[in-house]
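Comments concern the structure below.
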């Protein structure tokens, strides 16, 4: 009979070696516990001093032990009663009658000294300190190596290592980002054949900073770069360096760079470097000592690269405006690669990648979906495909159709359908509001293409008029912007004309129109009276957030800006009022169709409004 392979043995439990600090601490705890138990065991009933003397006079006391001012005694054994003890305390004023009284009633008296021996006294005094010191060493040992998973040190790098054979992502798996890939191919060639560059005295950048909005593929691009180069890939986030103890982050940085040098040629990727690489403050006594030490160590390690050490550092951030200037100087992250939101063609390619494993119906037009997803990142498009698949599965369909993609896009942009019940009057008002937007957009020469109108409440909106340009816009002319403001005011103008009043439903339209008009006047110089001057009070970042800046112009100039903004919006309002008044019949026709169908597509809108 063939030998059977040995059964795998279960892994041995981790062993935690004891040291003197641990032993002393456990001994101290044992002594304190025994002492506490003995004290609890020796406790007896405490009686007043007067009651004690009365018991002596009644011949009930057999013996007592005097320890300082404390009295511990035992009653005589009485028939039918259990012999018990008692305690009492001597009065602060000496009682000269006590000793004669005890002698007269033949009470056995023992006297114990309250003073301990020198060794015991020293031990009692040192015991709390021994306990505290032992606890400190034990906790430090727990943090440093014993109780961390895998036995790793507390200061050991948390960077995750991926060997070349484990990296499956390549540039072909990433749609779009052609310019970013081209910028990084030089890094790939250097990591593949560093001798060719070193022979010519060429210095490849030590660090490359990937900048862009969230979800644009910075992490995947870094991993694919390592995959293309065929080198080990160390990845870590900036927040993993920083801990509550000062110096831990710097130690982890040293450990990570040491490992990378040992694996050279290699690539280090630090995600969210802005969490550790923020600009350092010049003030003393700040609470960012740990973060600043970590940043200083990163700078020192990058300065310490020798020419023969083929280690390249990639970092990603969506907040380049907050990074320390020392990180961005030549010799560190001196090459910056910007990853923008994908354009229409890139969005279509990304959708093709994410629908490889999805059974797509024959009616799906990815070009149409790409055209209607302006502003979507790669991660947003992946989420769109997943949401569409979930909707199709919920309806027990075999494939994912165009309508599933449309519904998924509406869910992402506007939110889930609301269960808000609209009265016929409210629904009619919403229909005219959206019809006002749509008719204005259809007739104005610079308006974007109408894709859909809906009066189904979603998210915070009671209705929506969806527009999308034929091609992505990166520059906006003055006529386009004025038409955009006019379209935003179309819903409010239609309500005012039909119902004789405006409603709160136009609040978001007014907010967008005012924001756009203020940009035109104060930032883009589109005012004849103010001239080509900018008074920008805000700064935007990759997160889409607007950061206010101190105003650097006078109150008089601010009043002129406000007046110009109001005048611009007033001109657009007069324009849309005249347009809708002249096209009242088409407005009614579109609103009636919305009341009947609730949602109208691009072809339906064209048929209704073209005549």
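Residue numbers (the working numbering): 186 to 796.
Idealized CB from N, CA, C, for every residue including glycine.
Beta bridge pairing from DSSP links residue 256 with 251, 273. Within a 10 Å sphere around the beta-carbon of residue 625 sit 16 or more other beta-carbons, which makes this residue buried. Taking the CA atoms as reference points, residue 598 sits about 22 Å from residue 543. Spanning the alpha carbons of residue 477 and residue 461 requires a straight line of approximately 8 Å. By the Cβ test, the stretch 733–751 is in contact with the stretch 703–712, since at least three Cβ pairs between them sit closer than 8 Å.
The C-alpha of residue 753 lies about 35 Å from the C-alpha of residue 530. A check of alpha carbon separations from residue 269 across 634, 760, 278, 247 identifies 247 as the nearest. With respect to the 7 Å criterion, residue 418 and residue 352 are classified as neighbours on the basis of their beta carbons. Your pair residue 395 and residue 385 does not check out as a contact, with CB atoms roughly 27 Å apart and the cut at 8 Å.
By the CB criterion at 7 Å, residue 455 and residue 414 fall outside the cutoff. Just so you know, the alpha carbons of residue 641 and residue 621 end up roughly 16 Å apart. According to the DSSP assignment, residue 362 belongs to no alpha helix (DSSP H), since it is labelled neither H nor E. Nearest in C-alpha terms to residue 616, of all of 671, 583, 782, is 782. In the displayed model, residue 501 falls within a strand according to three-state DSSP. Annotation: the continuous alpha helix (DSSP H) that includes residue 579 extends over 563–579.
Along the stretch 386–419, the alpha helix (DSSP H) occurs as fully enclosed runs of 4 or more residues at 403–414, listed in sequence order.
Unbroken alpha helix (DSSP H) runs of no fewer than 4 residues, entirely contained in the stretch 627–678, are found at 663–673, following chain order. Under the three-state reduction of DSSP output, residue 787 falls in the helix class.
Cβ contact annotation for residue 670 (same chain, cutoff 8 Å, sequence separation greater than five): 698, 701, 702, 753, 754, 757, in chain order. With respect to the 7 Å criterion, residue 555 and residue 509 are not classified as neighbours on the basis of their beta carbons. Judged by beta-carbon spacing, residue 592 lies within the 7 Å limit of residue 576, meaning their Cβ atoms are closer than that value.
At the C-beta level, residue 366 and residue 382 stay beyond 7 Å of one another. In this chain, the alpha helix (DSSP H) harbouring residue 696 covers 692–707. For residue 463, the beta-bridge partners assigned by DSSP are 508. Annotated as distal: residue 653 and residue 535, with beta-carbon spacing of 7 Å or more.
Rounded to whole angstroms, the gap between the alpha carbons of residue 450 and residue 354 is 19 Å. Taken atom to atom, the span from the alpha-carbon of residue 318 to that of residue 304 is near 20 Å.
A buried status is given to residue 618, since no fewer than 16 other beta-carbon atoms sit within 10 Å of its beta-carbon.
About 5 Å separates the CB atoms of residue 296 and residue 251; that is less than 8 Å, so the two are in contact. If you ignore the 5 residues before and after residue 390, its C-beta comes within less than 6 Å of the C-beta of 519, 520, all in its own chain and listed in chain order.
Within the same chain, 625, 628 come within 7 Å of residue 764 by CB-CB distance, once the 5 residues on both sides are set aside.
Separation of the CB atoms of residue 793 and residue 772 is rounded to 11 Å, and the pair is thereby denied contact status at 8 Å.
In the structure shown, residue 454 falls within a strand segment according to DSSP collapsed to helix, strand and coil.
A residue is called buried once 16 or more other Cβ atoms fall within 10 Å of its Cβ, and residue 662, having fewer, is exposed.
Leaving aside the five residues that flank residue 761 on each side, the residues in its chain whose CB is nearer than 7 Å to its CB run, in chain order, 625, 671, 674, 675, 678.
Around the beta carbon of residue 659, fewer than 16 other beta carbons sit within 10 angstroms, so the residue counts as exposed.
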